[in-house]
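Q: Sharing a structure with you now.
Protein chains: 2
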Amino acid sequence: MEFNREKIIVIGGNDAGLSAAGRAKRLRPDLEIIVIEKTPFIGYASCGFPYFISGRVMRKSVSGPSIEEIENRRGFQVWTNHEAVQLDLLKRHVAIKSLLNGEEKRVRFSKLVLATGARPLIPQAAKINADNIFTLRNFADAERLVNYIKTNSPQKALVLGAGFLGLEMAEALRQRGLQIVIIDQAPKLFQNYADKIAAIIEESIQSSSVELILDEKVAQFDIENNRVQNAHLVKNGITETDIVLLATGIEPNVALAKNARIPLGKSGAILVNNRQETRRMDIYAVGDCAESQHLVTKKSAWLPFAGIASKQGRVAGTNIAGKRMLFPGALGTAMAKTFGLEYGHTGLSLSQAREAGFNAIETVITAYSKSEYMTDATEITVALVSDLTTKKLLGAQVVGKADAGQRLNILATAIAGHISLHELEYLDFGYTPMISNIWDPIAIAGNAAQKKTKEK
Amino acid sequence: MEFNREKIIVIGGNDAGLSAAGRAKRLRPDLEIIVIEKTPFIGYASCGFPYFISGRVMRKSVSGPSIEEIENRRGFQVWTNHEAVQLDLLKRHVAIKSLLNGEEKRVRFSKLVLATGARPLIPQAAKINADNIFTLRNFADAERLVNYIKTNSPQKALVLGAGFLGLEMAEALRQRGLQIVIIDQAPKLFQNYADKIAAIIEESIQSSSVELILDEKVAQFDIENNRVQNAHLVKNGITETDIVLLATGIEPNVALAKNARIPLGKSGAILVNNRQETRRMDIYAVGDCAESQHLVTKKSAWLPFAGIASKQGRVAGTNIAGKRMLFPGALGTAMAKTFGLEYGHTGLSLSQAREAGFNAIETVITAYSKSEYMTDATEITVALVSDLTTKKLLGAQVVGKADAGQRLNILATAIAGHISLHELEYLDFGYTPMISNIWDPIAIAGNAAQKKTKEK
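Note that the protein sequences, when read in sequence, are chains L and S.
Residue numbers for the first sequence follow the numbering used here, so the first one is 511 and each next one is one higher.
Residue numbers for the second sequence follow the numbering used here, so the first one is 511 and each next one is one higher.
Encoded structure:
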């Protein structure tokens, strides 16, 4: 019996991998499942790291469960500190190396899930060794940063990259009392966003005590005692810093797949179908290392977000267990809350829509989130990207002091439901002054977009 | 020229009527439009009355604009304190009576909009004259109550009806320091809601300092000096009270339509098509006096909610102005916030769905609204009513301390978009720990509903 038992190897022990392993084991308790994880941690809450670093949440809230917890509760094995170094698709085994003692062994598999995630993109100038340069991808990274702050009490931080992570980390470090400079090489914050939305977010940073410098890069770091002391900026001279945080984007971690000649998509992430199967039999890919079907373009796209990772994991796990389950596609919806604002995007931006060949327009409106006579009413700004041809929604961005995030999810639902701009204006939302408004910002946005489609 | 000028009469000067008049005038400034309003007030914010009564918002926030404001800003005429008493469809005139001096005149019209709203249903025992019995339908009602409270400083209030208005008013009066008893004749709070949702709302009332008595009615009121002193309850003896608030439901105000033989729907409200036209040429009906196409049953239904009223008004105004505009249908989405909870419903309840002939099931889940490690994370309970045959959503109810209202609007959007339960589980929501969770309560609800459809 044991000899023929199906053996599932999952490479990567964060959201996507654990989701695949857990679902497969739940549906088929007879499966032998081993999750291989390079770091000492599994199932850590990456999106919560900024709140761990700011001190708002505790270590155990974001460090993930212990191996014992997983093994006892969910019934599959976990090998942390192990790296999958080579994949043999013909012989169906994977070479796994212990990062503790360097030993390598081959493990056979019936099915294999690639959940290798993504890794930080490091700007040229930062490809150096220094104790005070940090990335923030896994829990070991987060812990290293927290420990460094506790031990060295840095006063100044330089954050490279003004995306979601950069801004969240700028705020977290500010809350720990550090002076912050954020630089980004783009001339505009959130380049894909409507100008007004980006301007509102920029204003929230400028009006906090954080310095934001756009259209700027680090030319070189001065290092002393293995620590960065200064950053030479291309345009703005030299800035002193005690720590450097790199938040300059990520790339899919696909070396293992690539070496095994598993086809990648245009983005460089692994191509999968809607069962999360790669182009190679019995090899699945999920999460940040894989592409997804984009619900708007209907094309394969790289959408490395935690929600998608968990969902793809669930789909892969279900299919591995022999039940058919399809991933319905994704929009790349993402949101953040920094410096008093909630904001985010779903679907295509105006430029993405035009690149994808849509006859697209952008409309932007601002309206009260709830009855304006309520003292806590605040404004929400909604940008819609609409298709002039079909009069449907292609994408959206939203920003506001409150309730903007859930509005974004309403728009994601509207796109998934192929709702027309006319229907968007007339969606039957519940109204009560403490929560909403008679004409919701979304209805007003739908009205504005419709008007513009008629002008054209 | 003046002789042939088109003349639009709108009967009713609240949301629906003003929305129709405003839209028609904006599109066709040449139209002569007169809005007839029985009370001294127009465009008052009925849903905000509880907050005016509690003292949280000011009079001017809910009393509506002045006639001058409307006439100057929006360009149509308003006759307050005037009642339309008879409608002659053949001769195309309406008899209008001044409630100030009793004078009556006939006004001819080219098109007429019925926006006569709804009126409170008065329980038999309350069909009496007393200075301290209140309904709360128009601003005059609200002002009478506020003035009575200021002048007489009542200590005890009896609220009849534990629906949205009853609970909102119980809380408002409690905030003014009154002791509150709410009674409702139904044996269960929110009878149409899933048991767990209703129980959570009931618990919020019981744990506040408000007494809720279900399965109870007033048999008789004791009146002295034109004031109710006591209420004789059928089962619970005599209760003293200083004021009585009636919140026992509403009925459509259709006497004018009925006398003119304009066809009504099964609900007793006026039948309209999706251009808001009644079955009589050039006569429109909008708002609480009219029915709507229900998006789920595809049948005409009475859905007397403010959001729908404004939208129907806009549709009627657009069509009156000669541009085609269709009302896409409604779900009867409604929400409230009382005693620390947000809650509401959209679409059909389980019993409504079964009555309408659907093979319906109900599933209820509870999950965190945002990452549970955030200190302000609270639970949301979602009940879904799903169709076993199509595996789609028919309705939903939601309750939670925060963010439940917007979740309800997401579900309303999902129903409008005909999203399947499978898609609901996989909707691509944005995730960030401060706002949301990797598996949103809505995704978890979609998963639970799907599981149950598979068991059946």
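Cβ coordinates follow ideal geometry from the N, Cα and C atoms, glycine included.
Count the C-beta pairs between the stretch 750 to 760 of chain S and the stretch 671 to 681 of chain S that are closer than 8 Å, then say yes if the count reaches three, no if not.
A: Output reads yes: the stretch 671 to 681 of chain S touches the stretch 750 to 760 of chain S.
Q: Measure the Cβ-Cβ separation of I948(S) and A926(L) and say whether it is below 8 Å.
A: No, the Cβ-Cβ distance between I948(S) and A926(L) is not below 8 Å.
Q: The stretch 917 to 930 of chain S: which residues have C-beta closer than 8 Å to a C-beta of chain L, in chain order?
A: Within the stretch 917 to 930 of chain S, the residues whose Cβ lies closer than 8 Å to some Cβ of chain L are R917, L918, N919, I920, A922, T923, A924, A926, G927, H928 and I929, listed in chain order.
Q: Pick helix, strand or coil for Q822(L), following the three-state DSSP scheme.
A: Note: Q822(L) maps to helix in three-state DSSP.
Q: Is it buried or exposed for N829(L), if we count other Cβ within 10 angstroms and need 16 for buried?
A: Buried, since its Cβ has 16 or more Cβ neighbours within 10 Å.
Q: Using a 10 Å radius around the Cβ and a threshold of 16 neighbouring Cβ atoms, would you call R647(S) buried or exposed?
A: So R647(S) ends up on the buried side.
Q: Identify each residue in the stretch 819 to 843 of chain S for which the Cβ-Cβ distance to at least one residue of chain L is less than 9 Å, and report them in chain order.
A: Under the 9 Å Cβ criterion, the stretch 819 to 843 of chain S contributes A819, S820, K821, R824, V825, M835, L836, F837, P838, G839, A840, L841, G842 and T843.
Q: Quick one: grab the DSSP three-state call for H742(L).
A: In the structure shown, H742(L) sits in a strand (DSSP, three-state: E or B).
Q: With DSSP collapsed to three states, give me the class of K517(S).
A: Three-state DSSP puts K517(S) in a strand.
Q: So Y853(S) is in the beta strand (DSSP E); what residue range does that whole segment cover?
A: That run of the beta strand (DSSP E) goes L851 to G857.
Q: Let me see if you follow: with CB-CB separation under 8 Å, is M511(L) close to chain S or not?
A: A caution first: M511(L) carries a pLDDT of 40, below 50, which makes its placement in the model too unreliable to give a value.
Q: So, under 8 Å CB-CB, L898(S) and K966(S) are touching, yes? Tell me the CB distance rounded to an integer number of Å.
A: Indeed, because the Cβ distance is near 6 Å, the residues count as touching under 8 Å.
Q: Could you name the residues of the same chain whose beta carbon sits closer than 7 Å to that of K601(S), not counting the 5 residues immediately before and after it, in chain order?
A: Hits under 7 Å: none found.
Q: Okay, do the stretch 838 to 848 of chain L and the stretch 915 to 923 of chain L touch, 3+ Cβ pairs below 8 Å being the bar?
A: The stretch 838 to 848 of chain L vs the stretch 915 to 923 of chain L: in contact.
Q: Is M511(L) helix, strand or coil when you go by DSSP?
A: Confidence in M511(L) is poor, its pLDDT being 40 and thus under 50, which makes the residue's placement unreliable; the coordinate value appears in the next sentence. Coil, per DSSP.
Q: Assuming contact is defined by CB atoms lying nearer than 8 Å, are S571(S) and A682(S) in contact in what I supplied?
A: In this structure, A682(S) does not lie closer than 8 Å to S571(S) by Cβ.
Q: Do you know how far the Cα of N746(L) is from the Cα of L722(L)?
A: Distance between the alpha carbons of L722(L) and N746(L): 12 Å.
Q: List the residues of chain L that V946(S) touches, going by C-beta distances under 9 Å, in chain order.
A: Here residue 946(S) turns out to be Ser, not Val, going by the sequence shown. Near S946(S) (Cβ distances below 9 Å), the residues of chain L are G817, M845, G915, Q916 and N919.
Q: Closest by CA to I772(L), which one among Q596(L), F837(L) and G553(L)?
A: Cα-wise, what sits closest to I772(L) is Q596(L).
Q: Using 8 Å as the threshold, is the stretch 726 to 744 of chain L in touch with the stretch 632 to 640 of chain L, meaning 3 or more CB pairs across them?
A: Yes, since at least three Cβ pairs between the stretch 726 to 744 of chain L and the stretch 632 to 640 of chain L fall closer than 8 Å, the two stretches touch.
Q: Using a threshold of 8 Å, state whether the C-beta atoms of L931(L) and D792(L) are closer than that.
A: No, they are not a contact pair.
Q: Take R684(L) and list the residues in its own chain whose beta-carbon comes closer than 8 Å to its own, dropping the five residues that flank it on each side.
A: The answer, listed in chain order, is I690, S718, S719 and V720.
Q: According to DSSP, simplified to helix, strand and coil, what is F837(L)?
A: Coil at F837(L), not helix or strand.
Q: Tell me which residue opens and which closes the beta strand (DSSP E) that G910(L) is part of.
A: Per DSSP, G910(L) belongs to the beta strand (DSSP E) from K902 to G910.
Q: The alpha helix (DSSP H) that contains T661(L), what's its start and end?
A: Segment F649 to N662, the alpha helix (DSSP H) holding T661(L).
Q: Between the alpha carbons of K902(L) and S896(L), how many angstroms are there, rounded?
A: So the two alpha carbons sit approximately 6 Å from each other.
Q: Would you decide whether G956(L) is buried or exposed? Buried here means 16 or more other CB atoms lie within 10 Å of its CB.
A: Its Cβ being crowded by 16 or more others within 10 Å, G956(L) is buried.
Q: With a threshold of 7 Å on Cβ separation, who are the neighbours of G627(L) within its own chain once the five nearest residues in sequence on each side are excluded?
A: So the list reads G522, N524, N763, G797, D798 and C799, once near-sequence residues are dropped.
Q: Identify the contact partners of E726(L) in chain S, using a Cβ-Cβ distance below 9 Å as the criterion.
A: Per Cβ cutoff of 9 Å: no residues; E726(L) is ~26 Å from chain S at best.
Q: Let's test the definition: count the other Cβ atoms within 10 Å of the Cβ of R917(L) and tell me whether it reaches 16, buried, or not, exposed.
A: That one is buried.
Q: Along the chain, where does the alpha helix (DSSP H) that runs through A959(S) open and close?
A: Run containing A959(S): P951 to E965, per the alpha helix (DSSP H) assignment.
Q: So, is M679(L) buried or exposed, given that buried needs 16 or more other C-beta atoms within 10 angstroms?
A: So M679(L) counts as buried.
Q: Report buried or exposed for K776(S), applying the criterion of at least 16 other Cβ atoms within 10 angstroms of its Cβ.
A: When all chains shown are included, K776(S) counts as exposed.
Q: What's the C-alpha gap between L616(L) and T856(L)?
A: Per the sequence presented here, residue 616(L) reads as Arg, with Leu not at that position. Taking the straight line joining both Cα atoms gives about 42 Å.
Q: If you measure from the beta carbon of W949(L) to each beta carbon in chain S, is any gap under 8 Å?
A: It does; some Cβ of chain S falls within 8 Å.
Q: Compare the Cα-Cα distances from A819(L) to each of A526(L), D732(L), K833(L) and L805(L) and report the closest residue.
A: Among A526(L), D732(L), K833(L) and L805(L), the Cα nearest to that of A819(L) belongs to A526(L).
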